[in-house]
Amino acid sequence: MTAFAPLALLLAGGCTFNEHLPQVDIHGTVVIPREAATRQVLNAATGQLEEVVDSRAIGPVFLGAYASIDEPGLNYDFPHPEIGPIFKEGETGNAYPYGGGTVGRFDYACYQALVCKVVTGRFTTYDDILDYFETVVQEPVVDDRGTAVDSEAAFQAYCFELFNYTDDDELGFLTQDEDDLDFVENSAGDFEAEYDLWAVDYYQGMQIWGWLDTPDEAYNFSTCDVDRGENNQEYSNDYRYGANVPDVLNFPGENISEGDYIISAPITLDFEDADAFRDAGEEPTVTIDYLAD
Amino acid sequence: MLLTSLLMLTACDDGGLNFVPDPDPNNPGIVHLGEMTPSPVADARANAYFGTLGSVEPGKTGGATATFLGTGDEVCVWVDPESVFWNQSVAIQNRAGKYAYPDHFDDDGDLDIEVGLSAFYTGSPGIEMGDFQAVYEDSLGNESYIEFNECTITDIYGQSGAHAGRGTIEFCTIDTSAHPGKEYTIVLNTWSLPSDDYSLAYGFALFEGSCSDLQDGNYSATSIYGTTVNVIAASPTGECFLMNEVGLADGSDDEDFGWLEGSFCAEEQVHHCCVQYPENKHCSDEPTTEDVCPESYLGDF
Numbered sequence: 000m001t002a003f004a005p006l007a008l009l010l011a012g013g014c015t016f017n018e019h020l021p022q023v024d025i026h027g028t029v030v031i032p033r034e035a036a037t038r039q040v041l042n043a044a045t046g047q048l049e050e051v052v053d054s055r056a057i058g059p060v061f062l063g064a065y066a067s068i069d070e071p072g073l074n075y076d077f078p079h080p081e082i083g084p085i086f087k088e089g090e091t092g093n094a095y096p097y098g099g100g101t102v103g104r105f106d107y108a109c110y111q112a113l114v115c116k117v118v119t120g121r122f123t124t125y126d127d128i129l130d131y132f133e134t135v136v137q138e139p140v141v142d143d144r145g146t147a148v149d150s151e152a153a154f155q156a157y158c159f160e161l162f163n164y165t166d167d168d169e170l171g172f173l174t175q176d177e178d179d180l181d182f183v184e185n186s187a188g189d190f191e192a193e194y195d196l197w198a199v200d201y202y203q204g205m206q207i208w209g210w211l212d213t214p215d216e217a218y219n220f221s222t223c224d225v226d227r228g229e230n231n232q233e234y235s236n237d238y239r240y241g242a243n244v245p246d247v248l249n250f251p252g253e254n255i256s257e258g259d260y261i262i263s264a265p266i267t268l269d270f271e272d273a274d275a276f277r278d279a280g281e282e283p284t285v286t287i288d289y290l291a292d
Numbered sequence: 000m001l002l003t004s005l006l007m008l009t010a011c012d013d014g015g016l017n018f019v020p021d022p023d024p025n026n027p028g029i030v031h032l033g034e035m036t037p038s039p040v041a042d043a044r045a046n047a048y049f050g051t052l053g054s055v056e057p058g059k060t061g062g063a064t065a066t067f068l069g070t071g072d073e074v075c076v077w078v079d080p081e082s083v084f085w086n087q088s089v090a091i092q093n094r095a096g097k098y099a100y101p102d103h104f105d106d107d108g109d110l111d112i113e114v115g116l117s118a119f120y121t122g123s124p125g126i127e128m129g130d131f132q133a134v135y136e137d138s139l140g141n142e143s144y145i146e147f148n149e150c151t152i153t154d155i156y157g158q159s160g161a162h163a164g165r166g167t168i169e170f171c172t173i174d175t176s177a178h179p180g181k182e183y184t185i186v187l188n189t190w191s192l193p194s195d196d197y198s199l200a201y202g203f204a205l206f207e208g209s210c211s212d213l214q215d216g217n218y219s220a221t222s223i224y225g226t227t228v229n230v231i232a233a234s235p236t237g238e239c240f241l242m243n244e245v246g247l248a249d250g251s252d253d254e255d256f257g258w259l260e261g262s263f264c265a266e267e268q269v270h271h272c273c274v275q276y277p278e279n280k281h282c283s284d285e286p287t288t289e290d291v292c293p294e295s296y297l298g299d300f
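If you're matching them up, the sequences are chains F and W in order.
For reference, each letter of the first sequence is one residue, going 0 to 292 in numbering that gives the first Met the number 0.
For reference, each letter of the second sequence is one residue, going 0 to 300 in numbering that gives the first Met the number 0.
Dropping the structure here:
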């Protein structure tokens, strides 16, 4: 038995082997202002617009690591990563991010009416979605024949039939546990979520920057393209599931529109190298605070 | 045991060069076509260039280059490599309509287009092929490659970087509005040579406007059955914009290929190969059997 002790120790030690990878996983917190979760809703009884604060209204957050962030006015009217050369008419320069990630992503929620309108990590149940679009967006969900979807059972049955699924766990747009939703209200009344940027190339001095895509009045997001994604040709259907526009972190300025919120004070990572960053255990908190107009 | 080891060592003494064709001095693998002027679309077919490309030394890439001056507007670059290609059907039903007759694989080659400002081209025209990549250094001193190739072809998923396959037309619309009067380089990279003779015939056209303007040129093609189709910048009729690249490039005026190409544009190539001209060398070299050429074809005409 004692003969195996060194081997066991060696195996245990193997789990702590440091590969000194030049890439790092960045975990932190992103804070967005309360206004970004606020929508104007028409009160049918009074005919007045009322403000409703709802974390389900928070769109996808895009975060990336960049060489530097320019002040507003240089290439864009808002803080924006430095860009490479522009060499083609009508195109902008590439921001060449070192890596990045999102908090929430667009997911197809079974009906054409919901293409590019549902973000993961915002809803827990079918009813949650139906309620949100009826009471906050004020565009009740309709099925592909234009008939109102008025029950959780009908919604679920349609999804299961479409995808050949048998469990809600298989649907990315539903978060099973309320505690697992991305955003929670903090003590200041703002909303915050944890983020992960996996395998980012680490360079000393790089900055964490990003933005929140908010929907326009028609509840369309500028970072989602209804003409992309898988094709739905069930029966007489002929549309796509919608998907994120490509290269969104490479060309952020092309995808930021009026009403979006942007990080104005990016976090700089000044650790000498990837090992130093890992050793420090830094978990940067970034605040999205600049309103694009 | 020792003998076996020696034999195995000997077996490793083969670099595979014997599988690579020797360069033919009479048919160079790298050529420069010089400066060209984009034609009006109506004259594009008449002003097209036809040539051949041979093999190059092992380890090098071959191809053709040409230059033109930015017009301040759109310019279409078009290449039609030898010869035509269609898939062999794996369908259970409607095999005739799904190209049951196999294509002749060995006469197909592939040219891929790149176009960019000559200032960014890294090759030496006529001597060595290059690309349009440059290094960009960001403010932290990190380097990224920038692609200055302006011929971006998208695949079926909408992602750029695609190219047409062997024996298939490829074209690009280049917007020169940002650089009127500046020199652009067109690069036709040899992706593959026909394995029957290692000589790749091709047709090449350069005309003013978008490639989709081709339909304004009023080009048409006629199959051996008399079906006439209007040529547009899409498959299959686009194949018949530059007709008979094989015959015109090598001077043989290969009539077999002209007929096959016309039939391909009218989507009658299977019938052409099975029924009308099974001995056409551009049809498959597999034996003509009822399996690939059902009798039902005969009833179609």
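Virtual Cβ for every residue (Gly too), placed ideally from N, Cα, C.
None of these values were measured; they are calculated from a predicted model.
Three-state class that DSSP yields for residue i in the structure shown
i, result
"Tyr144(W)", "strand"
"Pro251(F)", "helix"
"Cys171(W)", "strand"
"Arg44(W)", "coil"
"Ala233(W)", "coil"
"Glu149(W)", "coil"
"Ala94(F)", "coil"
"Ser159(W)", "strand"
"Asp272(F)", "coil"
"Trp334(W)", "Since the first residue of chain W shown is 0 and the last is 300, residue 334(W) is not available in this structure."
"Thr267(F)", "strand"
"Gln137(F)", "coil"
"Gly298(W)", "Any reading at Gly298(W) is ruled out, since the residue's pLDDT is 49, under 50, leaving its predicted position unreliable."
"Leu180(F)", "coil"
"Ala265(W)", "coil"
Under 9 Å by beta carbon: chain F residues contacting residue i
i, result
"Asn148(W)", "Under the 9 Å cutoff, chain F gives no residues; its nearest Cβ is about 11 Å from Asn148(W)."
Proximal chain W residues relative to residue i, where beta-carbon distance stays under 9 Å
i, result
"Ser67(F)", "Asp137, Ser138 and Leu139"
"Tyr75(F)", "None at all; the shortest Cβ gap to chain W is about 17 Å."
"Gly99(F)", "Simply none; closest approach about 15 Å."
Residue i versus residue j: straight-line alpha-carbon distance, rounded
i, j, result
"Met128(W)", "Asn279(W)", "35 Å"
"Trp190(W)", "Leu213(W)", "26 Å"
"Phe84(W)", "Asp224(F)", "34 Å"
"Tyr95(F)", "Tyr65(F)", "7 Å"
"Tyr110(F)", "Tyr156(W)", "22 Å"
"Leu187(W)", "Leu16(W)", "25 Å"
"Asn254(F)", "Gly225(W)", "52 Å"
"Ile261(F)", "Ala279(F)", "27 Å"
"Pro213(F)", "Pro101(W)", "The sequence given here has Thr at residue 213(F), not Pro. When rounded, the distance between both Cα atoms is 53 Å."
"Leu52(W)", "Pro27(W)", "6 Å"
"Ala232(W)", "Phe67(W)", "21 Å"
"Phe300(W)", "Ser211(W)", "Legend: pLDDT at Phe300(W) = 41, less than 50; position of this residue unreliable, no value from coordinates given."
"Thr119(F)", "Pro235(W)", "43 Å"
"Leu247(W)", "Gly71(W)", "32 Å"
"Tyr131(F)", "Asp215(F)", "16 Å"
"Val62(W)", "Gly108(W)", "Here residue 62(W) is Gly; the residue named in the question, Val, does not match the sequence. So the two alpha carbons sit approximately 12 Å from each other."
"Val274(W)", "Cys282(W)", "11 Å"
"Asp215(W)", "Met242(W)", "18 Å"
Beta-carbon neighbours of residue i, restricted to chain W and to distances below 8 Å
i, result
"Pro84(F)", "Tyr135 and Ile145"
"Tyr157(F)", "Correct list: empty, because the minimum Cβ distance to chain W is about 27 Å."
"Tyr201(F)", "Under the 8 Å cutoff, chain W gives no residues; its nearest Cβ is about 11 Å from Tyr201(F)."
"Tyr110(F)", "Near Tyr110(F) there are no residues of chain W at all, since even the closest Cβ is about 23 Å away, more than 8 Å."
Residues that residue i contacts on chain F, provided the C-beta gap is smaller than 7 Å
i, result
"Gly302(W)", "One cannot answer for residue 302(W) here, as it falls past the ends of chain W, which runs 0 to 300."
Any non-hydrogen atom of the ligand SAH closer than 8 Å to residue i Cβ
i, result
"Ser283(W)", "Judged by which ligands are present, the structure shown has none, so any question about the ligand SAH falls away."
Contact set between residue i and chain W, taken where Cβ atoms lie within less than 7 Å
i, result
"Gly204(F)", "Leu139"
"Glu81(F)", "Asp137 and Ser138"
"Tyr107(F)", "Per Cβ cutoff of 7 Å: no residues; Tyr107(F) is ~16 Å from chain W at best."
Open item on the list: Assess contact between the stretch 71–79 of chain F and the stretch 185–196 of chain F, defined as three or more Cβ pairs (one per stretch) separated by less than 8 Å. Is contact present?
Closed with: no
Open item on the list: Taking 8 Å as the cut-off, does the stretch 216–224 of chain W touch the stretch 260–267 of chain W (at least 3 CB pairs, one atom from each stretch)?
Closed with: yes
Open item on the list: Short of 7 Å Cβ to Cβ, which residues in the stretch 211–239 of chain F face chain W?
Closed with: Arg227
Open item on the list: Three or more C-beta pairs under 8 Å: does that hold for the stretch 102–121 of chain W against the stretch 139–150 of chain W?
Closed with: yes
- [ ] Pair every Cβ in the stretch 128–140 of chain F with every Cβ in the stretch 272–281 of chain F, then say whether three or more of these pairs are closer than 8 Å.
- [x] no
Open item on the list: Measuring CB atoms only, is the stretch 44–64 of chain F touching the stretch 243–257 of chain F, in the sense that at least three cross pairs come out at less than 8 Å?
Closed with: yes
- [ ] Would you check if the stretch 52–62 of chain W and the stretch 174–185 of chain W touch, i.e. whether three or more CB-CB distances between them fall below 8 Å?
- [x] no
Open item on the list: Between the stretch 36–45 of chain F and the stretch 163–179 of chain F, can you find at least three pairs of beta-carbon atoms closer than 8 Å?
Closed with: no
TODO: Evaluate contact between the stretch 22–37 of chain W and the stretch 158–173 of chain W, counting only Cβ atoms and requiring at least three cross-stretch pairs below 8 Å.
DONE: no
- [ ] Determine, using beta-carbon pairs with one atom in the stretch 224–244 of chain F and one in the stretch 119–130 of chain F, whether at least three such pairs fall under 8 Å.
- [x] no
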